[in-house]
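Trainee: Protein sequences appear in the order of chains A and B. Position one of the first sequence corresponds to residue 1 (the working numbering), numbered consecutively onward. Position one of the second sequence corresponds to residue 96 (the working numbering), numbered consecutively onward. Heads up, the beta-carbon is just placed ideally off N, CA and C, and yes, glycines get one too.
2 protein chains.
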Amino acid sequence: MEEAIKTVVTTFLSSARGKENLDSKKFQKLVSKQLGGIMEDTDSTSAIREMQRGLDENNDGKVNFQEYLTLIGYLANSFSDRQISQKGGTNADAS
Amino acid sequence: MEEAIKTVVTTFLSSARGKENLDSKKFQKLVSKQLGGIMEDTDSTSAIREMQRGLDENNDGKVNFQEYLTLIGYLANSFSDRQISQKGGTNADAS
Numbered sequence: 001m002e003e004a005i006k007t008v009v010t011t012f013l014s015s016a017r018g019k020e021n022l023d024s025k026k027f028q029k030l031v032s033k034q035l036g037g038i039m040e041d042t043d044s045t046s047a048i049r050e051m052q053r054g055l056d057e058n059n060d061g062k063v064n065f066q067e068y069l070t071l072i073g074y075l076a077n078s079f080s081d082r083q084i085s086q087k088g089g090t091n092a093d094a095s
Numbered sequence: 096m097e098e099a100i101k102t103v104v105t106t107f108l109s110s111a112r113g114k115e116n117l118d119s120k121k122f123q124k125l126v127s128k129q130l131g132g133i134m135e136d137t138d139s140t141s142a143i144r145e146m147q148r149g150l151d152e153n154n155d156g157k158v159n160f161q162e163y164l165t166l167i168g169y170l171a172n173s174f175s176d177r178q179i180s181q182k183g184g185t186n187a188d189a190s
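#1: Apart from the five residues just before and just after B/Asn116, which ones in its own chain have a Cβ nearer than 7 Å to its Cβ?
#2: Would you please verify whether the beta carbon of B/Gln120 is less than 8 Å from any beta carbon of chain A?
#3: I want to see whether chain A comes within less than 8 Å of B/Lys157, judged by CB atoms only; does it?
#4: Taking three-plus beta-carbon pairs below 8 Å as touching, is the region 105-115 of chain B in contact with the region 68-84 of chain A?
#5: Below 7 Å between beta carbons is the criterion; list the residues of the region 109-143 of chain B that meet it against any residue of chain A, in chain order.
#6: Hey, quick one: how far does the alpha helix (DSSP H) through A/Asp81 stretch, first residue to last?
#7: Quick one: what's got a C-beta closer than 8 Å to A/Arg49's C-beta in the same chain, skipping five residues either side?
#8: Measure the beta-carbon distance from B/Gly168 to A/Gly73 and round it to whole angstroms, keeping in mind my assumption that it falls under 8 Å.
#9: Would you call A/Glu67 buried or exposed, if buried means 16 or more other Cβ atoms sit within 10 Å of its Cβ?
#10: Give the DSSP-derived three-state secondary structure of B/Glu145 in the structure shown.
#11: Could you please tell me which residues of the region 69-84 of chain A, in chain order, have their CB closer than 8 Å to any CB of chain B?
#12: When you compare only the Cα positions, how much space is there between B/Gln181 and B/Thr165?
#13: Please return the same chain residues whose Cβ sits closer than 8 Å to the Cβ of A/Leu35, not counting the five positions on each side in sequence.
#14: Measuring only the C-alpha atoms, how far is B/Met96 from B/Ala142?
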């Protein structure tokens with residue numbers, strides 16, 4: 001699990017190349033290269049631009065580490081939902 | 096990177112064993128078994144209990160998936176800070 005968390009971090013840092021955030025070009029590249037298997041429309045520049053706008057809380061036109069972690073959280077949530085629905089839902093009532 | 100996100104999710108789901116959240120015992124086990132290399136005090140039951148209290152936003156005495164993702168975000172942030180400080184900081188001013 002530690003390696004998984006480190007991978008999430010180093011993927012951002014290597015894409016940002018020493019900068020604090022990703023510009024649109026770097027964000028497009030990260031999404032299309034790294035997230036094609038867990039997300040849809042990663043081959044669509046406009047879809048990625050739309051997503052970037054949704055993540056850009058401070059409206060600086062870039063994606064900082066916190067905004068990136070929001071994306072990761074979103075992807076983790078939708079993957080978790082898919083896993084749970086494939087297994088026929090959680091037995092939430094089984095205490 | 097996709098595998099990393101999936102690992103973060105499946106680690107929670109396999110610990111929760113079909114339930115929607117982790118009780119204290121399962122959370123202690125997950126932290127001590129999975130996070131020893133990226134976090135301190137994972138051998139201290141009281142430190143983990145303290146951390147669980149800090150994560151428990153809805154005060155139900157358990158850790159749900161969102162609270163777990165908050166922990167992952169916290170660990171990613173501190174690992175990122177360590178990486179950046181080891182490399183002598185980001186050239187944030189280099190536009």
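Mentor: A quick look at the data gives this:
#1: Locating residue 116 of chain B in the second sequence gives position 21, where the first residue counts as 1. Close CB contacts of B/Asn116 within its chain, under the 7 Å cut and outside five residues either way in sequence, are with Lys157, Val158 and Asn159 (chain order).
#2: For the purposes of this step, residue 120 of chain B is identified with residue 25 of the second sequence, where counting begins at 1. Contrary to the premise, residue 120 of chain B reads as Lys rather than Gln in this sequence. No, no contact with chain A.
#3: For the purposes of this step, residue 157 of chain B is taken as residue 62 along the second sequence, with counting starting at 1. So no, B/Lys157 is outside the interface.
#4: Cβ pair count under 8 Å is three or more, so yes.
#5: Near chain A, meaning a CB-to-CB distance below 7 Å, the residues of the region 109-143 of chain B are Gly113, Lys114, Glu115, Gln129, Leu130, Gly132 and Ile133.
#6: Numbered from 1 along the first sequence, position 81 holds the residue referred to as residue 81 of chain A. In this chain, the alpha helix (DSSP H) harbouring A/Asp81 covers Phe65 to Gln86.
#7: Against the first sequence, residue 49 of chain A aligns to sequence position 49. Taken in chain order, the residues that qualify are Ser24 and Gln28.
#8: Position 73 of the second sequence holds residue 168 of chain B. Position 73 of the first sequence holds residue 73 of chain A. The Cβ separation is near 7 Å, so the contact holds.
#9: Numbered from its first residue, the first sequence carries residue 67 of chain A at position 67. Buried, since its Cβ has 16 or more Cβ neighbours within 10 Å.
#10: The residue labelled residue 145 of chain B in the question sits at position 50 within the second sequence. DSSP places B/Glu145 in the helix class (H, G or I) of the three-state scheme.
#11: The residues in question are Leu69, Ile72, Gly73, Leu75, Ala76, Asn77, Phe79, Ser80, Gln83 and Ile84.
#12: Counting from 1 along the second sequence, the entry for residue 181 of chain B is found at position 86. Counting from 1 along the second sequence, the entry for residue 165 of chain B is found at position 70. Roughly 24 Å separates the two Cα atoms.
#13: What you label residue 35 of chain A is simply residue 35 of the first sequence in a count that begins at 1. Counting only residues of its own chain and dropping the five nearest sequence neighbours on each side, A/Leu35 has a CB closer than 8 Å to the CB of Thr42 and Leu75.
#14: Numbered from its first residue, the second sequence carries residue 96 of chain B at position 1. Numbered from its first residue, the second sequence carries residue 142 of chain B at position 47. Roughly 30 Å between the two C-alpha positions.
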